[in-house]
């Protein structure tokens, strides 16, 4: 198992941030490992909505099927699975004076022989976490408009 966590302060109101990030197809904008992410079940994101995510890691592409398993006003949890791994993206939100504090935790549980590689991959996943911390605020600024504090 590998787990990374980043805490970000976002210059947008909590409800807008949660609404945008609830659509996991937006990971294309902020997750450096995501190549494509397409919703495969219809309608607005809600518990049970699924996405097909293609990611690239260490030069190899892999596909996971993600499902939104928790959708609360201050928390989103997505679980992705394939033969090799189960990936959990847990996002917790707190309102801070019109801004949003996001605690982003990604956890990857490897299956079978892939478990043996987990300790050697920690550094790679830490780099991906750094990429998320860098890209996510900019992606939200583009999607939601200039933050109120900079208008």
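Residue numbers (the numbering used here): 9 to 159. For every residue, glycine included, the Cβ atom is placed at its ideal position computed from N, Cα and C. For clarity, every value in this text was computed on a predicted model and none was experimentally measured.
Worksheet item: Given a threshold of 16 other Cβ atoms within 10 Å of its Cβ, counted over all protein chains shown, does residue 10 qualify as buried or as exposed?
Response: buried
Fill in: Span of the alpha helix (DSSP H), counted from its first residue to its last, around residue 66
Here residue 66 belongs to no alpha helix (DSSP H), and DSSP marks it neither H nor E.
Worksheet item: With DSSP run on the structure shown, which of helix, strand or coil describes residue 117?
Response: strand
Item to complete: Name the residue from 92, 39, 33, 31 whose alpha carbon lies nearest to the alpha carbon of residue 145.
Response: 39
Item to complete: Note down, one range per segment and in chain order, each beta strand (DSSP E) of at least 3 residues found wholly within the region 36–106.
Response: 42–47, 58–65, 68–80, 83–89, 93–104
Worksheet item: Going by DSSP, which residues form a beta bridge with residue 26?
Response: According to DSSP, which records beta bridges pairwise, residue 26 is partnered with nothing at all.
Item to complete: Figure out for me which residue from 90, 108, 83, 106 has the closest Cα to the Cα of residue 99.
Response: 83
Fill in: Proximal residues to residue 119 (C-beta, below 8 Å), its chain only, five neighbours per side dropped
91, 92, 93, 94
Worksheet item: Between the beta-carbon of residue 20 and the beta-carbon of residue 129, is there less than 7 Å?
Response: no
Practice prompt. Evaluate residue 41 with the Cβ neighbour count: other Cβ atoms within 10 Å of its Cβ, from every protein chain shown; 16 or more gives buried, anything less gives exposed.
Written response: buried
Practice prompt. Give the single residue among 103, 18, 86 whose Cα lies nearest to the Cα of residue 45.
Written response: 86
Practice prompt. Using the Cα positions of residue 16 and residue 114, report the straight-line distance between them to the nearest angstrom.
Written response: 14 Å
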